[in-house]
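A quick write-up on the structure given underneath.
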């Protein structure tokens, strides 16, 4: 099998160095290879894809690569390797009673996840590990039986930190004393602050605002992800989120990331201009929610995510329930090449019917 | 403690294993304790024991007891 060799070269791809045709050449051939691999190895996937009959189009472009709804991972156990090869099962963080996604990882997929994530992170924080403050409690990572997306996120990012400290106690209250101690210990150095979008908001920003206290984390880089769903009731948009973080924490470098547990590793990182960027290892396609046709750039629709990471389960091309729009390609003022886009919400909250222009209403 | 003893001690304490388990068969994911949680614990223990700071790349490559001995050389630690 040549898979090991292919995976090895994939991790050498330039993170944001490829523009359109160059990217498509390598990325499309890997997408085709993965589609064929999963059709051969996962009968359930083959059945679904065969039924929809995508392949009459012969995968001549990224848009003709078959995709499956992300919801499917909640309904079915989809795997492309034997059970003996599974080293870890990841689950999405669904609320109790809700069905959760189950993602099965083998050694190769797990290794690709960390290597790709390392490349994407190096672009933001550099190659040196930074003192790291996690806006969560230690109990989240101690419970190995429930390996949730939150656990995976914290552990995955901990590789880029050192002297990792947790800002919250196990009852999710902010331990200001511990945080202050950490800050003064690493004064004058860049610090990596990591947390989930909602956790940072609720347990750090709101807590500090309510108590009228501030923490000076000047020079820190905050990386947060996990989605804005829980912030809707507070009516906070990304711009206000950043401003309020700056006012209580004095952090100026704030990067949101977008990604799914189904494609752990190949996350989409926000640049200094507030745009989410596809890397060499991922891409997005925006589709009409009625007939799944491809939307024009700038139009809003369902987000399809593509990733070269999934080898042990057929998650390389999935249709999410998020809505978003492509902002541009290869021409972001931050100089990164590739597709850049914005996420605008979830399908259940959106009143969209088909591709819709942002400025027409 | 010499370097070998310190190195072994980091594994024994991080994974609650006996000294006779420390050989080329001890690899990432070969025992339940050496999962991604245990891995970061091991790295922290080694960094404390030898007063070093490993690169992310080496943390990723640190896939077994034996590979680790080679990686330690990069940090001027002879096991």
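Protein chains in written order, with my numbering: chain A, 1 to 361; chain B, 1001 to 1079. All residues carry an ideal CB built from backbone N, CA and C; glycine is no exception.
query	result
Among the residues of its own chain, which have a CB less than 6 Å from the CB of residue 266/A, if the five just before and after it don't count?	116, 281, 282, 307, 309
Quick one: grab the DSSP three-state call for residue 362/A.	Nothing about residue 362/A can be read from this structure; chain A reaches only from 1 to 361.
Starting from the C-beta of residue 313/A, find all residues in its chain whose C-beta is less than 7 Å away, skip the five residues before and the five after it, and write them out in chain order.	78, 79, 80, 103, 104
May I ask you to check if the CB of residue 140/A is nearer than 6 Å to at least one heavy atom of the ligand MN?	Ligands are entirely absent from the displayed structure, and the ligand MN is therefore not among its contents.
Using a Cβ cut-off of 7 Å, pull out every chain A residue sitting near residue 1036/B, in sequence order please.	155
When Cβ atoms are compared, which residues of the region 1060-1075 of chain B fall closer than 9 Å to chain A?	1060, 1063
Taking just the CA atoms, how far does residue 88/A sit from residue 1030/B?	12 Å
Take residue 186/A as the anchor and find which of 171/A, 124/A, 131/A has the nearest alpha-carbon.	131/A
Leaving out the 5 sequence neighbours to the left and right, which residues in its chain are closer than 7 Å to residue 295/A when beta-carbon positions are compared?	286, 287, 288, 301, 355
Check this for me: beta carbons of residue 91/A and residue 142/A, under 7 Å apart or not?	no
Mind listing which residues of the region 122-138 of chain A have their C-beta closer than 9 Å to chain B's C-betas, in chain order?	122, 127, 128, 129
Return the first residue and the last residue of the beta strand (DSSP E) that residue 167/A is part of.	161-168
Could you compute how far the alpha carbon of residue 13/A sits from the alpha carbon of residue 1016/B?	39 Å
Just verifying my parser: in three-state terms, what is the DSSP assignment at residue 156/A?	helix
Within a Cβ cutoff of 6 Å, which residues of the same chain sit near residue 1009/B, ignoring the five residues on either side of it in sequence?	none
Measuring CB to CB, does residue 59/A end up less than 7 Å from residue 52/A?	no
If you check the beta carbons only, do residue 340/A and residue 327/A fall under 7 Å apart?	yes
State whether the region 213-230 of chain A contacts the region 185-205 of chain A, with contact taken as three or more CB pairs (one from each stretch) at a distance under 8 Å.	yes
Against residue 309/A, what residues of chain B qualify as contacts under a CB-to-CB distance less than 9 Å, listed in chain order?	Those within 9 Å of residue 309/A in chain B number zero; the least Cβ separation is about 14 Å.
Checking contacts by CB at 7 Å: is residue 1056/B closer than that to chain A?	yes
In the structure shown, what three-state DSSP assignment does residue 183/A receive?	helix
In this structure, what does DSSP give as the bridge partners for residue 1062/B?	None; residue 1062/B has no bridge partner.
How is residue 1055/B classed by DSSP in three states: helix, strand or coil?	coil
Do the region 1055-1062 of chain B and the region 116-126 of chain A touch if we need at least three Cβ pairs shorter than 8 Å?	yes
Do residue 305/A and residue 239/A have their CB atoms nearer than 7 Å?	no
Give every residue of the same chain whose Cβ lies closer than 7 Å to the Cβ of residue 39/A, excluding the five residues on either side of it in the sequence, and list them in chain order.	45, 46, 49
In chain order, what residues of the same chain have a beta carbon less than 8 Å from the beta carbon of residue 124/A, not counting five sequence neighbours either side?	221, 223, 255, 269
Residues of chain A with CB closer than 7 Å to the CB of residue 1053/B, please, in chain order.	129, 162
Are the CB atoms of residue 278/A and residue 338/A within a distance shorter than 7 Å?	yes
Going along chain A, which residues have a C-beta under 9 Å from residue 1029/B?	87, 88, 107, 110
Are the beta-carbon atoms of residue 1064/B and residue 1041/B separated by less than 7 Å?	no
With 7 Å as the threshold, decide whether the Cβ of residue 158/A is near any Cβ in chain B.	yes
With 7 Å set as the bound, which would you pick, yes or no: does the beta-carbon of residue 342/A sit closer than that to a beta-carbon of chain B?	no
Determine the DSSP secondary structure at residue 59/A, reduced to helix, strand or coil.	coil
Contact check, residue 342/A vs residue 329/A under 8 Å by CB: the rounded distance?	About 14 Å; that fails the 8 Å criterion.
Could you pull out every residue in the same chain whose Cβ sits closer than 7 Å to the Cβ of residue 100/A, ignoring the five residues on either side in sequence?	74, 91, 92, 94
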